[in-house]
Amino acid sequence: MKKKPLCDKCGSQNLKVQLVTYPMQMGEKQITIGRVTVRKCLDCNHLIPTEKGQEKITRCMINMMDIMMLHG
Ligand SMILES: [Zn+2]
C-alpha cells in the first residue's frame with residue numbers, strides 16, 4: 001500500500017510537485033542544482049525531492065565530485 005507523502009518537517013499533506021532550483025551543501029560549498037523535481041510543502045515551504053529528483057541530485061553530486069577531483 002502506498003502512503004500519501006507528508007512533509008518531513010511539519011507533517012503537512014499540502015504538497016505540490018514542482019520543478020525548482022535545489023540548493024545543496026557540499027562541504028563548505030553551497031551549490032544549486034537546476035530543475036529538480038520536488039514536492040514543495042505549501043505550509044512551510046520545505047522541499048522534498050521526489051525519487052526522480054533525488055536521482056538527479058545524486059547524478060549532479062557525482063559530476064561535481066569528479067570536477068573537484070580533477071581540479072583538486
Ligand atoms: Zn511542511
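Under our numbering, the final residue of the sequence shown carries the number 72; numbering is consecutive throughout. Don't be surprised by glycine CBs; every beta carbon is placed ideally from N, CA and C. Predicted model only: the values in this text are computed from it and were never measured.
Check: residue i C-beta below 7 Å from any heavy atom of ligand 1
i: Cys-60; result: no
i: Lys-9; result: yes
i: His-71; result: no
i: Asp-66; result: no
Beta-carbon proximity check, residue i vs residue j, cutoff 8 Å
i: Pro-5; j: Arg-59; result: no
i: Asp-9; j: Cys-41; result: Rather than Asp, the amino acid found at residue 9 in this sequence is Lys. In this structure, Cys-41 lies closer than 8 Å to Lys-9 by Cβ.
i: Ile-48; j: Cys-7; result: yes
Given residue i as reference, the closest of the options once Cα atoms are compared
i: Lys-52; options: Met-61, Cys-10, Thr-37; result: Thr-37
i: Asn-63; options: Val-17, Gln-13, Thr-32, Leu-15; result: Thr-32
i: Arg-35; options: Gly-27, Tyr-22, Met-68; result: Tyr-22
Exercise for the section: Identify every run of the beta strand (DSSP E) within the stretch 9 to 53, keeping only runs that are complete inside it and at least 3 residues long; order them along the chain. Expected result: 15 to 26, 29 to 41, 47 to 49
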